[in-house]
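Position 39 of the sequence shown, counting from 1, maps to 38 under numbering that gives the first Met the number 0, and the rest follow consecutively. For each residue, glycine too, the CB sits at the ideal point set by N, CA and C. Computed from a prediction, not measured in an experiment: that's the story for all the values here. Working notes, beginning with the structure itself.
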Amino acid sequence: MPKPRKMQVSLDATPYYHCTSRCVRRAFLCGFDTVTNKDYEHRRQWVEDRIHLLAEVFCVDVCAYAVMSNHLHLVLHINQQKACALSDLEVCQRWHRLYKGTLLTQQFEQGKALTQAELEAVKARIEVWRAQLHDISWFMRALNEPIARMANTEDNCTGSFWESRFTSQALLDEKALAACMAYVDLNPVRAKMAATPEDSEHTSIKLRVAQVKNKKQQPTTLYPFVGNPRQPMPEGLPFKLADYLELVDWTGRAIRADKHGAINTSLPPILSRLAIPTAEWLTLTTQFEQRVSTFAGSERAVRLAAEVLGYKKPPGVGLAKQLFA
C-alpha cells in the first residue's frame with residue numbers, strides 16, 4: 000500500500016522532491032501513438048505551458064522538467080518562506096489566476112469595502128490558499144486536472160487520463176538533487192527522442208540552453224542556479240549553471256552506446272565537488288526511478304528523514320550506502 004503523502008513530504012527533511020505522473024495504461028496519450036497512428040504531440044505543449052504558469056502562481060519552484068509521450072517528470076522545490084512573505088492581496092491575486100475563488104475574495108481583490116466579519120472570512124480563506132500555494136500535491140493537482148479535461152474533451156470521452164496518484168521521491172542532499180535533475184533532463188536522450196539535451200523538446204534543459212545561447216538571463220519560471228554554497232547564500236540551486244550544463248552534456252555522451260570512445264574520462268567540476276564516482280553517477284542518472292523509492296540521499300540523510308516522518312524502518316539505507324556514500 001502506498002505511503003500517505005504526509006509521510007513522503009516534509010520540509011524538515013528536504014524542500015526538494017522528484018514527482019512523476021503517468022498516463023493511464025501508459026498509452027501514448029501525449030505523443031504519437033504508433034498503434035493508432037494518431038498524433039497527440041501538441042498535448043505536450045499543453046503540459047509545458049501549464050508548468051510555466053504554475054511556476055508563476057505557486058510558491059513551488061520548478062528545478063527541472065521533462066514532458067514525455069506518456070508521462071512527465073518534475074523536480075520541485077517547496078518555497079515556504081516565499082509563501083509566508085506574500086501579502087493577503089498577493090495570495091488572492093495568485094489564486095484567482097487559476098481558480099474563481101469566492102464572491103468575497105473577488106471583492107477583496109477589487110478593493111471593495113467589506114464588513115469586519117467578511118474580512119475575517121476572507122482572511123481565513125486566504126490562509127488556506129497560502130498553505131496550498133506551497134503544497135506539491137496542490138501543484139500537481141493544478142497541473143494534471145486541466146490537462147485531463149482538455150484531453151478528454153478532445154477525445155470526446157470521459158474517465159481518467161492520468162494514473163490516480165503521482166509518485167514523489169524526497170531528494171535529501173546535493174548529490175541526489177544533481178543526479179535527479181540530470182536524470183530528468185536526459186529522459187528524451189535515453190528514450191532516443193532527441194540526439195542531444197539541447198534538442199530535447201519540452202524539457203527544462205532545452206529552455207536553459209536556449210537562454211544561454213541567446214545571452215539572456217536564466218528563465219524566470221525555473222529555479223535559478225546560484226553557484227556553490229556560500230554565506231550569504233542566494234536563493235536557488237547550489238550549483239553553477241555552466242557546471243551543470245557541462246555535467247548533463249558529459250552524462251549524455253557517456254550513456255550513449257553508439258558513441259564509442261566519445262566518453263570524456265575527466266570529471267566535470269560538479270562531480271568532483273560532490274565526490275561522486277563516475278560509475279555511481281551513471282547508475283543514478285540512468286536508473287534513478289528504478290533504484291530509488293522514497294528517499295534519495297546519504298545514509299545519514301535517509302535515517303534523519305525517516306525519523307522526522309515517523310518511519311519505523313528507514314527505506315533505502317542499502318542503496319544510500321552504495322550510491323550516496
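Here's the rule: buried if 16 or more other CB atoms are within 10 angstroms of the residue's CB, otherwise exposed. What is residue i?
i, result
"Pro187", "buried"
"Gln168", "buried"
"Ser68", "buried"
"Val34", "exposed"
"Glu197", "buried"
"Phe412", "Since the first residue of the chain shown is 0 and the last is 324, residue 412 is not available in this structure."
"Arg299", "exposed"
"Cys91", "buried"
"Ala190", "exposed"
"Lys111", "exposed"
"Asp48", "exposed"
"Val363", "In the structure displayed, the chain extends from 0 to 324; residue 363 sits before or after that span and is not available."
"Asp154", "exposed"
"His72", "buried"
"Arg124", "buried"
"Ala175", "buried"
"Val247", "buried"
"Val61", "buried"
"Val307", "exposed"
Less than 8 Å between CB atoms is the rule here; does residue i satisfy it with respect to chain D?
i, result
"Gln131", "No chain D appears in the structure shown, which is made up of a single protein chain."
Do residue i and residue j have their C-beta atoms closer together than 8 Å?
i, j, result
"Asp184", "Ile204", "yes"
"His70", "Cys18", "no"
"Ile50", "Leu170", "no"
"Trp45", "Met149", "yes"
"Leu206", "Ile135", "no"
"Val276", "Phe294", "First, the amino acid is wrong: residue 276 is Pro here, not Val. Going by C-beta atoms, Pro276 is not nearer than 8 Å to Phe294."
"Ala177", "Phe107", "no"
"Phe138", "Leu53", "yes"
"Glu245", "Pro228", "no"
"Pro218", "Leu236", "no"
"Ser271", "Glu162", "no"
"Val225", "Pro233", "yes"
"Leu103", "Leu113", "yes"
"Val316", "Val301", "yes"
"Ala120", "Ala304", "no"
If I measure Cβ to Cβ from residue i and keep anything under 8 Å in the same chain, skipping five residues before and after, which residues do I get?
i, result
"Lys122", "Asp87"
"Gln79", "Leu10, Pro14, Cys58, His133"
"Thr284", "Ala178, Ala181, Tyr182, Leu185, Thr250, Ile254"
"Ser159", "Val23, Ala147"
"Ala194", "Val188"
Identify, in the order they occur along the chain, each residue of the same chain with its Cβ nearer than 7 Å to the Cβ of residue i, setting aside the five sequence neighbours on each side.
i, result
"Ala82", "Cys58, Arg129, Leu132, His133"
"Ala84", "none"
"Val56", "Arg93, Arg96, Leu97"
"Ile262", "With a pLDDT of only 42 at Ile262, under the threshold of 50, the placement of this residue in the model should not be trusted, and no figure is reported."
"Asp38", "Phe31"
"Pro145", "Arg49"
Helix or strand or just coil, what does DSSP make of residue i?
i, result
"Cys156", "coil"
"Thr282", "helix"
"Arg252", "helix"
"His70", "strand"
"Gln168", "strand"
"Thr277", "helix"
"Cys83", "helix"
"Lys214", "coil"
"Lys174", "helix"
"Thr35", "coil"
"Thr104", "helix"
"Ile262", "Confidence at Ile262 is low in this model, with a pLDDT of 42, below 50, so its placement is unreliable and the value that follows should be read with caution. Three-state result, Ile262: coil."
"Gly317", "helix"
"Tyr243", "helix"
"Leu303", "helix"
"Leu270", "helix"
"Leu185", "coil"
"Lys122", "helix"
"Pro231", "coil"
Looking at the strands, I want to know which residues DSSP matches up with residue i.
i, result
"Ser136", "None; Ser136 has no bridge partner."
"Phe224", "Leu236"
"Leu75", "Tyr16, Val61"
"Lys111", "For Lys111, which the question treats as bridged, DSSP gives no partner whatsoever."
"Arg21", "His70"
"Phe294", "Ala169"
"Thr202", "Ala65"
"Trp161", "Cys22"
Apart from the five residues just before and just after residue i, which ones in its own chain have a Cβ nearer than 6 Å to its Cβ?
i, result
"Ala63", "Val74, Met180, Val183, Asp184, Ser203"
"Arg43", "Cys29, Val66, His201"
"Thr166", "Thr19"
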